[in-house]
Amino acid sequence: MRKFFDLRRWQSIPPLARHAIVLMSLAILLAGGALGGSAFGAFARGSCGGGDRVYTVGFGDTLSGIAARYSTTWQRLATYNHLGNPNLIFPYQTICIPTSSYRSGGGGGQQPASSYVALARQDALNFGISPDAFVRQINLESGFNPRAISPAGAIGIAQFMPATAASLGVNPYDPVSSLRGAARLMASYVRSYGNLAMALAAYNAGPGTVTYAVRRGGGNWRAFLPWETQRYINIILG
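The sequence shown maps to residues 15 to 252 in my numbering.
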C-alpha cells in the first residue's frame, strides 16, 4: 500500500518550510469553506416570499442572533427556511424573515392567514384565555403555517410534539384540531398556574421546566428558565 504521509521525509523539511506548508494548507481550507458556504447559501432556499424581509448571513452570525434582531425565534426561522440543522448556517446564505400574514395553504400556495387567525381567536374565547395573546403565540410558533415542522420534530400550526398531540387526541397536521387543542392546553395551564406567563413557559418548555424554575427562583422564577423560553414569554406578552 502506498504511503500518503512519510513522517521521515516530513521531518527532513526545514521547520520554516513546514510552517509555511501548514499555513498555506489552512488558508486553502478556509477559502474553500467560505466558497462552499456561499454556494450552499445560494441554494439553501429559493427567493423569499412577497413581503418577507431578507437577511444575508455574515461571519459569526447564529440563527438565534438573527431571530433576536427581528423579535422572533430561531425555531420559526428554521421552519420557515427549511433548515434541517439550525446550527449550520453559512456566510452569504439568505435567511427569509416571514411576515405575520404568511401561511402555506393545503394546496401548496400562499394564502392570507386571516381565517386561521379568526379561528384561533374564537378557540381562545371558547376556552377562556386571552385571544390577543393566543394569536401572538401561534404566530410565534409557526407564523400560522399549518405545514410547519421544526428541527426538533414539532408539527403543524401549533407546533405540537407527536407524543403531546397523541396524549391530547390532537391531529397535529390538521390546523383546526391543532388550534383547538393548543387553546385547550393553554387554558389548562392557566388554571393550574393562575398565571399566563407560567402557562406560556409550560407550553414552550414543559411543566417540569416551570417547576424547576419556581423551585430555584421563587418570585424570580423567569430568570431560571431557558433563554429561548424567556424570549418567548417576552415577545408574546410584550
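Idealized CB from N, CA, C, for every residue including glycine.
Are the beta-carbon atoms belonging to T93 and S144 less than 7 Å from one another?
Against the sequence shown, residue 93 aligns to sequence position 79. Against the sequence shown, residue 144 aligns to sequence position 130. No.
Using a Cβ distance threshold of 8 Å, determine whether the segment 130–150 contacts the segment 96–112, with at least three qualifying pairs required.
no
For Y217 and M200, which I take to be in contact (beta-carbon distance under 8 Å), what is that distance rounded to the nearest angstrom?
Against the sequence shown, residue 217 aligns to sequence position 203. Against the sequence shown, residue 200 aligns to sequence position 186. So it is a contact: roughly 6 Å between Cβ atoms.
How many whole angstroms separate the CB atoms of A211 and L154, which I take to be in contact at a CB cut-off of 8 Å?
The residue given as residue 211 occupies position 197 in the sequence shown. The residue given as residue 154 occupies position 140 in the sequence shown. In fact, because the Cβ distance is near 14 Å, the residues do not count as touching under 8 Å.
So does the segment 83–91 actually touch the segment 157–177, counting three or more Cβ pairs closer than 8 Å?
yes
How should W235 be labelled, buried or exposed, when 16 other C-beta atoms within 10 angstroms of its C-beta is the threshold for buried?
By 1-based counting over the sequence shown, the position of residue 235 is 221. So W235 ends up on the buried side.
Just to confirm the assignment, what range does the alpha helix (DSSP H) spanning V68 have?
Taking the first residue of the sequence shown as position 1, residue 68 is located at position 54. Unbroken run through V68 is the beta strand (DSSP E), 67–70; no alpha helix (DSSP H).
For the beta strand (DSSP E) containing I103, list its first residue and its last residue.
Translated into the one-based positions of the sequence shown, residue 103 becomes position 89. Taken as a continuous stretch (DSSP letters only), I103 belongs to no beta strand (DSSP E), as it is neither H nor E.
From what residue to what residue does the alpha helix (DSSP H) around I80 run?
For the purposes of this step, residue 80 is taken as residue 66 along the sequence shown, with counting starting at 1. It spans 77–83 - the alpha helix (DSSP H) in which I80 sits, taken as one unbroken run.
By alpha-carbon positions, which one of S78, R83, Y84 ends up nearest to P100?
Residue 100 sits at position 86 when you count from the first residue of the sequence shown. Nearest C-alpha to P100: S78.
Would G142 be called buried (16 or more neighbouring beta carbons within 10 Å of its own) or exposed?
Stepping through the sequence shown from its first residue, residue 142 is reached at position 128. So G142 counts as exposed.
For Y226, which residues in the same chain have their Cβ closer than 8 Å to its Cβ, ignoring the five residues on either side in sequence?
Looking up residue 226 in the sequence shown gives position 212. Excluding positions up to five away in sequence, the list reads F238.
Within the continuous alpha helix (DSSP H) that includes I249, where are the two ends?
In the sequence shown, the residue the question calls residue 249 occupies position 235. Here the alpha helix (DSSP H) through I249 covers 241–251.
Compare the beta carbon distance of R137 and R194 with 7 Å and say whether it is the shorter of the two.
Sequence index remark: in the sequence shown, residue 137 carries index 123 (1-based). Sequence index remark: in the sequence shown, residue 194 carries index 180 (1-based). Before going further, note that residue 137 is Asp rather than Arg in the sequence given. Result yes, Cβ atoms of D137 and R194 sit closer than 7 Å.
Relative to the C-alpha of Y246, which residue among F73, R205, I152, R198 is closest?
On the sequence shown, residue 246 is found 232 positions in, with the first residue counted as 1. Of the listed residues, the one whose Cα sits closest to Y246 is I152.
DSSP on R109, reduced to helix/strand/coil?
Along the sequence shown, one-based indexing puts residue 109 at 95. The amino acid occupying residue 109 in the given sequence is Ile; Arg does not appear at that position. I109 falls in the strand class under three-state DSSP.
How is the alpha helix (DSSP H) around M200 delimited, first residue to last?
Sequence index remark: in the sequence shown, residue 200 carries index 186 (1-based). Where M200 is concerned, the enclosing alpha helix (DSSP H) stretches over 189–207.
Return the CA-CA distance between E242 and S26, expressed in angstroms with no decimal places.
Position 228 of the sequence shown, counted from the first residue, corresponds to residue 242. Position 12 of the sequence shown, counted from the first residue, corresponds to residue 26. Going from the Cα of E242 to the Cα of S26 covers about 54 Å.
If the criterion is Cβ atoms closer than 7 Å, does the pair D66 and I111 meet it?
Indexing the sequence shown from 1 puts residue 66 at position 52. Indexing the sequence shown from 1 puts residue 111 at position 97. In this structure, I111 lies closer than 7 Å to D66 by Cβ.
Would you tell me roughly how many angstroms separate the C-alpha atoms of N185 and P240, rounded to the nearest one?
Within the sequence shown, numbered from 1, the residue matching residue 185 stands at position 171. Within the sequence shown, numbered from 1, the residue matching residue 240 stands at position 226. Taking the straight line from one Cα to the other gives about 28 Å.
Identify whether F174 lies in helix, strand or coil by the three-state DSSP scheme.
Indexing the sequence shown from 1 puts residue 174 at position 160. Correct three-state label for F174: strand.
By DSSP, does I169 sit in helix, in strand, or in coil?
On the sequence shown, residue 169 is found 155 positions in, with the first residue counted as 1. DSSP places I169 in strand when its eight states are reduced to three.
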